[in-house]
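Below: one structure, written as structure tokens.
In our numbering, the protein residues as written are 3 to 1004.
What follows is the structure, given as structure tokens:
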């Protein structure tokens, strides 16, 4: 066919595309601007990439024609396609991956057109896309991940006039497929003959009534499991889900019925020959990278000693030949014609080197992939991509439709989608401090007081979706010593091991805590210095200055948090630069106390500062200072007035999650990224790393070797050390080790999770085969959620949902100052064991917990029992949890506050409506009133103060222990509290509790 004249509107050959010349010469452009006009872009691409998902075009008569959504995943060997995958990222931008797929029978004109049109599509997207060349039979794993479990191209194409017919419209033809791949499956049809079989691969024989999977003896369990996904696909596609499935093991003879039937289709059994050759896969790990400059379609070698980014010029295009891949790097200031010529030069390089299976990956400056950047020596830190307001708004709307809490999108700022803590905060907390190589149990009054020079171990048991969950963690202070860090790690590992690896292990560093950490402790104070023997010994031996906190000295605390159930006081250097306008601070010099209110702090921040005063300096009056109106004495304590920050301290943001499969041998870590991952990608024989930047999860399958399992934390540390994602990961990033079957909600939220799959027995292949044959999901063998009362807390470990404490704070709710989950250990000594625990306030918003689990009143679950037994071996007698400093105050007008004691939140008025929801409450007042018992004006019986005190030798029974003060007569109430009951009821709840503590009525 003759080529159209240059500039003609009719384009019928690939050569005509190349002969088109650019229009008039444009004026000189400033450095950093794109030399591209949308007039050079195919109109078919207008509006592309504006929403999350796939868009596909097929090359028809050298034009890009959209493929209907119902035909996505159907490819013909005689055609060429362009595939755009658009992903909405958490930072507010769109990520674009562009692939052009070339069928094995496609024409050169069509393949060349696809390559050029791909460049035009990238231009339409603003030059932000990464372009991949895909060849039938050798597709990249990223491409195949869009069409799970596989693609099976059909013969024919648009040029030959072939039209695909529906399966049920033609007679079924027996076909044989070979499957290769451990994480993504490459499927290829091979001749239906015994000679096609071998010992190394998986083969699927699709007959009219039955599908056979033949597992070569040298194939891995993971490959066999992945091939079963293809069997399921064929069953659903070719048989409408109605046919038998059989697995045939290489080496099994006619004695096996399925094997006999399988071999009968091949004319009888015969030994398979050993493979005498290996197919080239285009991989050449020893190939030294070569850098080539593309000048007018010709390549010029670039000489260099060390490959650095400085070699790349923004006005030029380059090829980086790495053997199995050729990267085309296009400078930001290059013209569209230059980019097209660079892509064709890469194609020519493959043809000359007879490398049909090597991949071509084209990248725009500023949007380089991790693998490309890793080829260079010390690639500079990647800057955030510039995102338009329009694009940002569309991403925000998309994320909101997907369920993210996106309130607004600021200009030139990422989408603020702050994840909420995915952990129940009604569990039991135990804490130990590490002293040399031993751990020392901390009482309730001390377990929420940490020192920066110490290491701590905590164990938190809480109700999860399918049973009681357990989190065991280590916390390393900034100035803790390496010996105690190592001891803490070893001790925590032993605790997890003793629980048969049913607990989640987390390693934390001070200042890098995840969002799940602080709600567990609720009210945490971190002091300078240390109390451990190792820290004191280190200070003494090194002659260092011991800056351990002293109540009589000078100390400055930054108060932070989201509410009374999530607040912290962090001791910082007592100097002016430590201040920040976005926070409130507590400064004390002995008995002189100031509360400094930053101009940018909120009313909640001020309330938290007030509450923290009761912890740090409970018996002293503080002078409140607004920023800008400080006393001279305030600045004198801080040394000298100087500048300080006003920006809130930013937490490491959570980025888009990436999943990696790991191998760890002789200290060498190798990873392979799993694209568009799902739960089914994680095989029980492997270890996986889920990286979301703010934290890293190491998932360990049940069938992982014991020696490798013990190195899970080391694998995570190696991952951080190597910074494999090249995203400047801190080596102090939180690390979680999660064993299969014990996945917490803050891990499963990254997946569409089915815990029934992890509860199955057997290897990956056996599990998938069971699901495939049965056609239904297996029954769970995971323990149901425990509802029995904990032996050491005196409360149900799984309260009713309406009782659960929410991790968010509402100003409309009265909250308790500084209560830890361990409060229940203390409250149990005061309350009737048969009474409902009234210390847990109603939540603002309920969490999503599984409704499929029902209590088992007969038999306690095995997992819950093992955790409870383990906990019992660590805890101290109950009486050690009771603070011994509670004393009655002789002066009512000067109430004493217990520094670390929690406060109850609900009075009877708050608990009464709860009874309507079906909760168990204490007996009604009418039932408690005796005929000869005097009543107060509220209808309550009255008792003497001496009998109502918590330390009474003759205590009253059958009362609401959280409302002891209401059983006082009006006269005695006024005498003890110095006010009427009505005036007391108007006080804030936390002030009521302070008075009750002082009078031993709490």
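A virtual CB, placed ideally from N, CA and C, is assigned to each residue, including glycine.
Buried versus exposed call for residue i [16 or more other C-beta atoms within 10 Å across all chains shown]
i	result
residue 759	buried
residue 762	buried
residue 626	exposed
residue 545	exposed
residue 482	buried
residue 668	exposed
residue 239	exposed
residue 724	exposed
residue 623	exposed
residue 616	buried
residue 270	exposed
residue 618	buried
residue 479	buried
residue 633	exposed
residue 155	buried
residue 547	exposed
Reduced DSSP secondary structure (H/G/I, E/B, other) of residue i
i	result
residue 196	helix
residue 872	Low confidence applies here, because residue 872 scores a pLDDT of 47, under 50, leaving its location unreliable; read the following figure in that light. Reduced to three states, the DSSP call for residue 872 is helix.
residue 830	Low confidence applies here, because residue 830 scores a pLDDT of 41, under 50, leaving its location unreliable and the question unanswered by this model.
residue 443	strand
residue 623	coil
residue 651	coil
residue 191	strand
residue 265	helix
residue 583	coil
residue 62	strand
residue 45	helix
residue 991	helix
residue 769	helix
residue 175	coil
residue 646	coil
residue 309	coil
residue 210	coil
residue 671	strand
residue 430	strand
C-alpha distance - residue i paired with residue j, whole-angstrom precision
i	j	result
residue 152	residue 489	48 Å
residue 148	residue 100	12 Å
residue 602	residue 581	12 Å
residue 1	residue 143	No statement about residue 1 is possible, as the shown extent of the chain runs from 3 to 1004 and does not include it.
residue 249	residue 485	53 Å
residue 92	residue 656	8 Å
residue 980	residue 436	46 Å
residue 534	residue 614	24 Å
residue 43	residue 321	24 Å
residue 647	residue 557	19 Å
residue 461	residue 472	7 Å
residue 294	residue 519	51 Å
residue 989	residue 430	30 Å
residue 649	residue 585	9 Å
residue 366	residue 332	5 Å
Near the ligand PLP: residue i beta-carbon under 8 Å from a heavy atom
i	result
residue 234	You won't find the ligand PLP in this model; it holds no ligand whatsoever.
- Item | At least three beta-carbon pairs within less than 8 Å, the region 331-338 to the region 107-116 | They do not touch, by the three-pair rule.
- Message: Report the start-end ranges of each alpha helix (DSSP H) in the region 320-365 that is 4 residues or longer and not cut off at the edges.
- Response: 338-354
- Task: Would you be able to state if there are at least three C-beta pairs under 8 Å between the region 195-211 and the region 233-241?
- Result: yes
- Message: Three Cβ pairs or more, each shorter than 8 Å: is that satisfied between the region 668-676 and the region 744-756?
- Response: no
- Entirely within the region 473-547 and at least 3 residues each: give me those beta strand (DSSP E) ranges in chain order. 506-511 and 525-529
- Report yes or no: do three or more beta-carbon pairs, one from the region 298-307 and one from the region 64-84, lie closer than 8 Å? Per the Cβ contact rule, the region 298-307 is not in contact with the region 64-84 (fewer than 3 Cβ pairs under 8 Å).
- Task: Would you list, in sequence order, the uninterrupted alpha helix (DSSP H) runs of no fewer than 4 residues that lie entirely inside the region 82-151?
- Result: 110-126 and 143-147
- Message: Using 8 Å as the cut-off, can you tell me whether the region 507-523 makes contact with the region 728-744, which would need three or more C-beta pairs spanning the two stretches below that distance?
- Response: The region 507-523 is in contact with the region 728-744.
- Message: Three Cβ pairs or more, each shorter than 8 Å: is that satisfied between the region 484-502 and the region 717-732?
- Response: In short, these stretches do not touch, since the Cβ pair count stays below three.
- Does the region 683-701 come within contact of the region 651-670, defined as at least 3 CB pairs closer than 8 Å? yes
- Is it true that the region 633-649 meets the region 185-195, where meeting means three or more beta-carbon pairs spaced less than 8 Å apart? no
- Would the region 134-143 and the region 57-69 be scored as touching if the rule is three or more Cβ pairs under 8 Å? Because the criterion of three Cβ pairs below 8 Å is not met, the region 134-143 and the region 57-69 do not touch.
- Query: Does the region 608-624 come within contact of the region 566-576, defined as at least 3 CB pairs closer than 8 Å?
  - Reply: yes
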